Amino acid sequence: MDAMFPGCAIPRWSVSADVYKGPSCGFDPALAARAAQAMAGGSWAMAAAGELRAPLAAMDAALGPFSAAGCAAHGAAAPCALASVPVSADAPGPIALATAPSEQFLMQYAAGHPPDQVAWGRLEAASGRPLPEALTFVSTIHAFYDRAAHMPKYQAVKKGSPVLARVLEALEATAGEGPALQVFASHDDLILNVAGMLDLRWQLESYQPEQVPPGGAIAFELWRSAEGESMVRLVYFAQTITQMHVDAVLSDAAPPAMALLPLPACETGADGLCPFARFRQIAREAIDPACVGKPERSSP
């Protein structure tokens, strides 16, 4: 907190646990899978053979041969590798399998590991790119898969409604002179769910479009215009891959990466400001009340 508010000596924090209870309106995994397939372009196999072909080949080379047990677990006959894992129009196969290690390699580098310890030192040769560029390249898989898995309207509304409802509640409290700052610790899935509800798009330095970087955050900022009107602005903040790797000290002179998130349903200028009344309307129309539970709050 000292980095966020240097010298302010914030006296008191109130913490509420488990504010996200998940959808209370039912969730059909089969419908979610079909929605994900549609967002992936209609066919996972076509995506694997198209825009993800080169990143998957790099991950195949970096991961190397699978064990016999690994081959069996993923429906491939031994000997096998990532490229051997079956993929079809409705089964993501190697895309789903490669998404976690592609993110884990990024986290290895972000934790300060030297290049020869990231992906066993294989990723630079496998991708034909130096670090961290190689990490951005293979992150195409993770960003693509998570975008398809979590941003379609079906799963976005089901899982994101409890989250966006709490964000709106916090903004309404702040507008009424309540707490000036509320921080929600969330999972990247929920960030993508809310983004899917509001049709948000972004790309941060060193990352892929709609990629959720480790430790990043979407800020829902409440501003007041010169005329006294409350305005909302959405900004995505995250450290770049290199900033995390070197444990950079962030400041006004050396800020994290940031991107304004325009709301397609609200006419905003270059400053990204949307009238709060309009944002409230957009959020309420996006939220399914049946999916919003009423979590119990812990004591301060």
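Numbering (my numbering), first residue to last: 71 to 370.
We treat Cβ as the ideally placed atom computed from N, Cα and C, and that holds for glycine.
Note that this is a predicted model, so its numbers are computed, not measured.
Report task. Would you mind sorting E203 into buried or exposed? The rule is 16 or more other CB atoms within 10 Å of its CB. Result -> By the 10 Å Cβ count, E203 comes out exposed.
Query raised in the report: Q278 and T338 look like a contact to me (Cβ under 8 Å); what is the Cβ gap, rounded to whole Å?
Result: The Cβ separation is near 24 Å, so there is no contact.
Report task. Just confirm the distance between the C-beta atoms of F175 and V188, as a whole number of angstroms; I'd bet it's less than 8 Å. Result -> Right, the Cβ-Cβ distance comes to about 6 Å (below 8 Å), so this counts as a contact.
Query - 3 or more residues per run - each beta strand (DSSP E) lying fully within the region 265-320 - result: Runs of the beta strand (DSSP E) inside the region 265-320: 287-294, 300-308.
Query raised in the report: Is the beta carbon of E280 less than 9 Å from the beta carbon of L260?
Result: Cβ distance not < 9 Å, so E280 and L260 don't count as in contact.
Query raised in the report: Unbroken alpha helix (DSSP H) runs of length 4 or more, entirely within the region 204-270: which are they?
Result: Whole alpha helix (DSSP H) segments, 4+ residues: 223-245, 258-268.
Query raised in the report: When you compare each of R348, L274, S295, P184 to A213 by their alpha carbons, which one comes out closest?
Result: From the listed residues R348, L274, S295, P184, the smallest Cα separation to A213 is found for L274.
Query raised in the report: Hey, which unbroken runs of the alpha helix (DSSP H) at 4 residues or more fall wholly within the region 82-156?
Result: If we require 4 residues or more, the alpha helix (DSSP H) runs fully inside the region 82-156 come out as 99-109, 114-119, 123-133, 138-143.
Query raised in the report: Which of helix, strand or coil does DSSP assign to A347?
Result: Reduced to three states, the DSSP call for A347 is helix.
Query raised in the report: From the DSSP output, which residues share a beta bridge with M328?
Result: Bridge partners of M328: F307.
**Report entry** Spatial distance of A180 from L126 (CA atoms)
**Finding:** For A180 and L126, the distance between alpha carbons rounds to 21 Å.
Requested in this report: Grab the span of the alpha helix (DSSP H) containing F75 for me, first residue to last.
Outcome: F75 -> no alpha helix (DSSP H), and no H or E assigned at all.
Query raised in the report: Does the beta carbon of A213 fall short of 8 Å from some heavy atom of the ligand COA?
Result: Absence of the ligand COA is noted for the structure shown, with no ligands found whatsoever.
**Report entry** Cβ-based neighbour list, M314, same chain, cut-off 6 Å, excluding 5 preceding and 5 following
**Finding:** Here the set comprises A180.
Query raised in the report: Under 9 Å, do L304 and F346 count as touching if we go by C-beta distance?
Result: No, the pair does not count as a contact, with Cβ atoms beyond the cut-off.
Query raised in the report: With contact counted as at least three CB pairs below 8 Å, one residue from each stretch, are the region 344-361 and the region 233-242 in contact?
Result: As far as the Cβ criterion goes, the region 344-361 touches the region 233-242, which means the pair count is three or higher.
Query raised in the report: Are the region 195-202 and the region 152-166 touching by the rule of at least three beta carbon pairs closer than 8 Å?
Result: At 8 Å Cβ cutoff, the stretches do not touch.
Requested in this report: Could you tell me the boundaries of the alpha helix (DSSP H) in which S158 lies?
Outcome: Per DSSP, S158 belongs to no alpha helix (DSSP H) and is neither H nor E.
**Report entry** Alpha carbon of P370 to alpha carbon of W83, nearest angstrom
**Finding:** Residue placement at P370 is poorly supported in this model, since its pLDDT is 36, which falls under 50; the coordinates still yield a value, given next. So the two alpha carbons sit approximately 7 Å from each other.
Query raised in the report: Does the beta-carbon of C361 have 16 or more other beta-carbons within 10 angstroms, so that it is buried, or is it exposed?
Result: By the beta-carbon neighbour count (other beta carbons within 10 angstroms, threshold 16), C361 is buried.
Query raised in the report: Which whole runs of the beta strand (DSSP E) in the region 172-201 are 3 residues long or more, in chain order?
Result: Annotation note: the region 172-201 contains no uninterrupted beta strand (DSSP E) run of length 3 or greater.
Query raised in the report: Cα separation between G285 and A147?
Result: The straight-line gap from Cα to Cα measures roughly 38 Å.
**Report entry** Buried versus exposed, by CB contacts within 10 Å (16 or more), K91
**Finding:** K91 should be labelled exposed.
Report task. Starting from the Cα of A327, find the closest Cα among F307, H144, P185, Q225 and give me that residue. Result -> Closest by alpha carbon: F307.
Query raised in the report: Below 9 Å between beta carbons: does that hold for I311 and T206?
Result: It is a contact, given that the beta carbons lie within the stated cut-off.
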